[in-house]
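First up is the structure itself, then whatever we jot down about it.
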Amino acid sequence: MEKKTAAVSLRNITKTFGSVIANEKVDLDIYKGEILALLGENGSGKTTLMNMLSGIYFPDEGQIFINGQEAVIASPKDAYDYGIGMVHQHFKLVDVLSAAENIILGLPGKLNLKEASAKIREICDRYGFEVDPDQKIYNMSVSQKQTVEIVKVLYRGADILILDEPTAVLTPQETEKLFNVLRKMREDGKAIVIITHKMHEVESLSDRVAVLRRGAYVGDMLTKDTNAQEMTNMMVGRSVTLNIERPEPVDPKQRIAVRGLSIRTLDGILKLDDVSFDAYSGEILGIAGISGCGQKELLEAIAGLQSAEAGSISYVYDDGRKEELLGKDPLKIQELGVTLSFVPEDRLGMGLVGNMDLTDNMMLRSFRRGSSVFTDRKAPEKLAEEVVEDLEVVTPGISTPVRRLSGGNVQKVLVGREIASAPKVLLTAYAVRGLDINSSYTIYDLINRQKKQGVAVIFVGEDLDVLLQISDRILVLCGGKVSGIVDGRTADKNEVGLMMTQVGGRKDDK
Amino acid sequence: MTSKVKEPLFHIVKRDNISKKQEWIIRGAAIIAALIVCALITTILTGDNPIKVYGTIISGAFGSARKTWVTLQNLAILLIISLALTPAFKMRFWNIGGEGQVLMGGLAAASCMILLGDRLPKGLSVPNWFVVVLMIVTSLLAGAIWGFIPAILKAKWNTNETLSTLMMNYIATQLVAYFTIVWEVPKGSGKIGIINQNTNIGWLPQIGNKYLLSIIVAAVITVGMLIYLNYSKHGYEIAVVGESEKTARYVGMKVKKVIVRTMLLSGALCGLAGLLLVGSINHTVTTTIAGGQGFTAVMVSWLAKFNPITMVFTSLLIVFLGRGASEISTAFGLNQSFSDILTGIILFFIIGCEFFINYKINFRKKSKEEVKENV
Chain A
0 MEKKTAAVSL
10 RNITKTFGSV
20 IANEKVDLDI
30 YKGEILALLG
40 ENGSGKTTLM
50 NMLSGIYFPD
60 EGQIFINGQE
70 AVIASPKDAY
80 DYGIGMVHQH
90 FKLVDVLSAA
100 ENIILGLPGK
110 LNLKEASAKI
120 REICDRYGFE
130 VDPDQKIYNM
140 SVSQKQTVEI
150 VKVLYRGADI
160 LILDEPTAVL
170 TPQETEKLFN
180 VLRKMREDGK
190 AIVIITHKMH
200 EVESLSDRVA
210 VLRRGAYVGD
220 MLTKDTNAQE
230 MTNMMVGRSV
240 TLNIERPEPV
250 DPKQRIAVRG
260 LSIRTLDGIL
270 KLDDVSFDAY
280 SGEILGIAGI
290 SGCGQKELLE
300 AIAGLQSAEA
310 GSISYVYDDG
320 RKEELLGKDP
330 LKIQELGVTL
340 SFVPEDRLGM
350 GLVGNMDLTD
360 NMMLRSFRRG
370 SSVFTDRKAP
380 EKLAEEVVED
390 LEVVTPGIST
400 PVRRLSGGNV
410 QKVLVGREIA
420 SAPKVLLTAY
430 AVRGLDINSS
440 YTIYDLINRQ
450 KKQGVAVIFV
460 GEDLDVLLQI
470 SDRILVLCGG
480 KVSGIVDGRT
490 ADKNEVGLMM
500 TQVGGRKDDK
Chain B
0 MTSKVKEPLF
10 HIVKRDNISK
20 KQEWIIRGAA
30 IIAALIVCAL
40 ITTILTGDNP
50 IKVYGTIISG
60 AFGSARKTWV
70 TLQNLAILLI
80 ISLALTPAFK
90 MRFWNIGGEG
100 QVLMGGLAAA
110 SCMILLGDRL
120 PKGLSVPNWF
130 VVVLMIVTSL
140 LAGAIWGFIP
150 AILKAKWNTN
160 ETLSTLMMNY
170 IATQLVAYFT
180 IVWEVPKGSG
190 KIGIINQNTN
200 IGWLPQIGNK
210 YLLSIIVAAV
220 ITVGMLIYLN
230 YSKHGYEIAV
240 VGESEKTARY
250 VGMKVKKVIV
260 RTMLLSGALC
270 GLAGLLLVGS
280 INHTVTTTIA
290 GGQGFTAVMV
300 SWLAKFNPIT
310 MVFTSLLIVF
320 LGRGASEIST
330 AFGLNQSFSD
340 ILTGIILFFI
350 IGCEFFINYK
360 INFRKKSKEE
370 VKENV
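Sequence lines, in order, name chains A and B.
Note that numbering that gives the first Met the number 0 numbers the first sequence so that position 423 is 422, with each residue one more than the last.
Note that numbering that gives the first Met the number 0 numbers the second sequence so that position 247 is 246, with each residue one more than the last.
Written out as structure tokens, the structure reads:
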């Protein structure tokens, strides 16, 4: 291997938040002309480490060298001055401004949009981006917005690019496009760091992987010399199996019947357009689609949190009786004896209360029980203890506020509570988003156990590989319409990817 | 070449966990620092001995049995108003309309006393117990209505409750001003004066001495509020709605109902404070009878982090400072503004120290070795 120059060297970096050690004596080198994948479980300190490079946090100890010179990065501006740019998981763009305006926002000098647009086009041509500098952000798709973020960073002259989970919101086709661009940048001599949980992306894109575990640096290796299993073991610190099982559905019966469902938001946007499907007991129905094309509204409508413009959602009892769910609130649905559990996308903002402890969060579902005006804390306490034990939740105790837990443990608490009521229907939205591989498999396992018990599971996912592995059938949404329902055992990833962007999949344009 | 790199002088780090002991050390240090600054300012501006001034503050609040009782009674009223606002704040409903809710309660009580008291035509009389019961009902109701209006506006149309509760204060003040003129005694004085001075109709009964009633009521409400907020289903709903309306809706809570119900309670308790002020303490009503306590209570409630027991101490602190401050202004011939300066300084330190409880400041390490770089 030829000798490469380190663009960035981190030496002995330590960062603590109160008593929590986010990074401990981390040494890491980032080289020019190389794509480095930074791996680690949730809470292993990947994002914290990168935030110190991009000037959002300041290390408690240790040194950062940029091109061999010690650097002090005390603000994002300092980071830009050193040529470091970070594309965050959550985009930082102003919706009402155009791409070009967003890109030059905050830069010193005279406002010259024409010049800026020209420079943006030049960057786009060089790397193969497709950005219209004059397009407003609110008119853009998620992938376009991400492109603007990347161009913004390049416009400011970054040679060191950090991307935090860039593919979480992209379709397979968009991901491939992004990877091509990144490969071009690598050829251009830029140093690229990518944080991701998806192993196949690491394998197809990166040159080298570096692994963090519990804030400490474990080691690095060349991607071509390793494999997903080895990387996972390194991340977790022990050997884990990477298989999602898919048992055959037992005695599937119609459980939820959705007919002609149309939903319009308060802003008048049609989110769901004439959606019809059935969900069966003992089956996992996967729902695929690019983010924001009606999945959230669909689940919330079934859970009684969203009103509809037209259509019906009926719950089918074991004896064949049907109950209309539309127009009823969650309390009423519960009172009807329909046990419906919902693991929403927004865990701490909707499913749980971050500032409350485990017991109080368990109580959310059960506090109404009994005629007393006082709350009964005994039962939720017991449930909290059971969930902690059964699902191996890592927590100092059941009286710890859930916001203090790591992402995977938060999700275990939420899923644990939702399945505790022995539901007939389980709705999950992005159940493993942001979860590391180990926690993800725990969640898949829990969902599969529910399926085996005859629960009708509706699983909204974003990782197509997972959807194809876990679902019995996959409903593909595209712009609020049903693009098709495919069999999970035989479906092809590219086919589903196409269906996500065009209703029905194959359309011959171009 | 040696590259000298500047590290920022300090940076601020959020604390995750801090022990109760450390917290109280920081608070204690803040109070001591406040007293030192106050002492300096006293010496510089007035030339008086600060130790003497502090002594006077203490004797102003607790110097005699009567002074102690008055301090405790003031404490009781401020505590009731603070407790009244607490469920609303816990629900993240910014009720800064305590002032108006107290005034309306007071006005309702006063109107019962006036209309059913000495003004009744000769021969007609209403039994005193009936007047008292009516006063209790109407003043609770008046306060509740003053809380209900902003609540329903918020629940139905999501209007900003900060503005509506604040504006309701002015309406209440002007209503009291209007009725003061309608009922003024004697005509043209612009005051109502002591109501039913001779018959004492509608004067709330004295328990032990004339101060004790309010104190007992405050004690009962403190314990009641503690139980209501921490152990009742309502209290749990308030906490969940306050933390996240989305979560509340997700588990099927009726958010609108909780908002309205909580504000009815908050307003009614403020009305009760008004009842005590009029029926038990002052026996009259003026536009300034609440004396800004509706706003002071906001601070008391927040300083105590919504804990009813802690609230006893925070309201004591504020009442103590206020009473002591007015004492020094008379004893040393200073004007009232000077005592306000001292109170302001002390509160500034107490509130400011919360920053040091939540954050810590890391200073640049002095002896950080220079890093040699060979280029």
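Idealized CB from N, CA, C, for every residue including glycine.
Requested in this report: Could you tell me the distance, in whole angstroms, from the CA atom of Lys253 of chain B to the CA atom of Ile301 of chain A?
Outcome: 18 Å
**Report entry** Which residues DSSP lists as bridging Asn22 of chain A, in chain order
**Finding:** A:Lys14
Query raised in the report: How is the alpha helix (DSSP H) around Tyr79 of chain A delimited, first residue to last?
Result: Pro75 to Asp80
Requested in this report: Return helix, strand or coil for Thr174 of chain A, following the three-state DSSP convention.
Outcome: helix
Requested in this report: Measure the CB-CB distance between Ala98 of chain A and Gln145 of chain A and report whether it falls below 8 Å.
Outcome: no
Requested in this report: Only counting runs of 3 or more residues, tell me where the beta strand (DSSP E) segments fall wholly within the region 430–461 of chain A, in order along the chain.
Outcome: 455–459
Query raised in the report: How is the beta strand (DSSP E) around Cys477 of chain A delimited, first residue to last?
Result: Arg472 to Cys477
Report task. For Arg125 of chain A, count neighbouring C-beta atoms within 10 Å of its own C-beta (all shown protein chains included) and say buried if the count is 16 or more, exposed if not. Result -> exposed
Query raised in the report: For Asn515 of chain A, which of helix, strand or coil comes out of DSSP?
Result: Outside the displayed span of chain A (0 to 509) sits residue 515 of chain A, for which this structure offers no information.
Report task. Could you check which residue in A:Leu425, A:Gly483, A:Val393 and A:Ser470 has the C-alpha nearest to that of Gly42 of chain A? Result -> A:Val393
**Report entry** Residue of A:Asp163, A:Val210 and A:Val130 minimising C-alpha distance to Ala117 of chain A
**Finding:** A:Val130
Requested in this report: Indicate whether Tyr210 of chain B and Trp68 of chain B have their beta-carbon atoms separated by less than 8 Å.
Outcome: yes
Requested in this report: Could you say if the region 255–267 of chain A and the region 328–335 of chain A meet the contact criterion of at least three C-beta pairs nearer than 8 Å?
Outcome: no
Report task. Would you mind reading off the limits of the beta strand (DSSP E) that contains Tyr279 of chain A? Result -> Leu269 to Tyr279
Requested in this report: Report yes if the C-beta of Phe355 of chain B is less than 7 Å from at least one heavy atom of the ligand ZN; otherwise report no.
Outcome: Ligands in the displayed structure: none, and consequently the ligand ZN is not present.
**Report entry** Which of helix, strand or coil DSSP assigns to Pro307 of chain B
**Finding:** helix
**Report entry** Segments of 3+ residues assigned as beta strand (DSSP E) that fall wholly inside the region 174–232 of chain A
**Finding:** 190–194, 207–212 and 215–221
Query raised in the report: Would you call the CB atoms of Met112 of chain B and Gly189 of chain B closer than 8 Å?
Result: no
**Report entry** Three-state secondary structure assigned by DSSP to Leu160 of chain A
**Finding:** strand
Query raised in the report: Name the chain B residues whose beta carbon is nearer than 8 Å to that of Val372 of chain A?
Result: Ser231, Lys232 and His233
Requested in this report: Answer yes if the region 483–495 of chain A comes into contact with the region 295–314 of chain A, meaning at least three C-beta pairs across the two stretches below 8 Å, and no otherwise.
Outcome: no
Requested in this report: Going by CA-CA distance only, name the one from B:Val130, B:Leu119 and B:Lys89 that's closest to Met224 of chain B.
Outcome: B:Lys89
Query raised in the report: For a contact meaning CB atoms closer than 7 Å, what does Val352 of chain A contact in chain B?
Result: Val239, Glu242, Ser243 and Thr246
**Report entry** Selection from A:Val481, A:Gln452 and A:Ser280 that minimises the alpha carbon distance to Gln253 of chain A
**Finding:** A:Ser280
Query raised in the report: Should Phe128 of chain A be flagged as near chain B, meaning a C-beta pair shorter than 8 Å?
Result: no
Report task. Give a yes or no on whether 8 Å exceeds the smallest Cβ distance from Phe178 of chain A to chain B. Result -> no
Query raised in the report: Are the beta-carbon atoms belonging to Phe276 of chain A and Leu474 of chain A less than 8 Å from one another?
Result: yes
Query raised in the report: Going along chain B, which residues have a C-beta under 9 Å from Asp328 of chain A?
Result: Arg248, Gly251 and Lys253
**Report entry** Residues that Asn361 of chain B contacts on chain A, provided the C-beta gap is smaller than 8 Å
**Finding:** Asp59
**Report entry** Backbone secondary structure at Lys121 of chain B - three-state DSSP
**Finding:** coil
Requested in this report: Report yes or no: is there a C-beta of chain B within less than 8 Å of the C-beta of Pro422 of chain A?
Outcome: no
Query - Identity of the residue in B:Ile95, B:Asn73, B:Lys155 and B:Gly46 nearest Asn281 of chain B by Cα - result: B:Asn73
Query raised in the report: Can you tell me the Cα-Cα spacing of Arg432 of chain A and Val25 of chain A, whole angstroms?
Result: 26 Å
Requested in this report: Go to Ser261 of chain A, then tell me how far its beta strand (DSSP E) extends in each direction, as first and last residue.
Outcome: Gln253 to Arg263
Query raised in the report: Just curious, the beta strand (DSSP E) that Tyr235 of chain B is in, first and last residue?
Result: Not the beta strand (DSSP E): Tyr235 of chain B falls in the alpha helix (DSSP H), residues Lys232 to Glu242.
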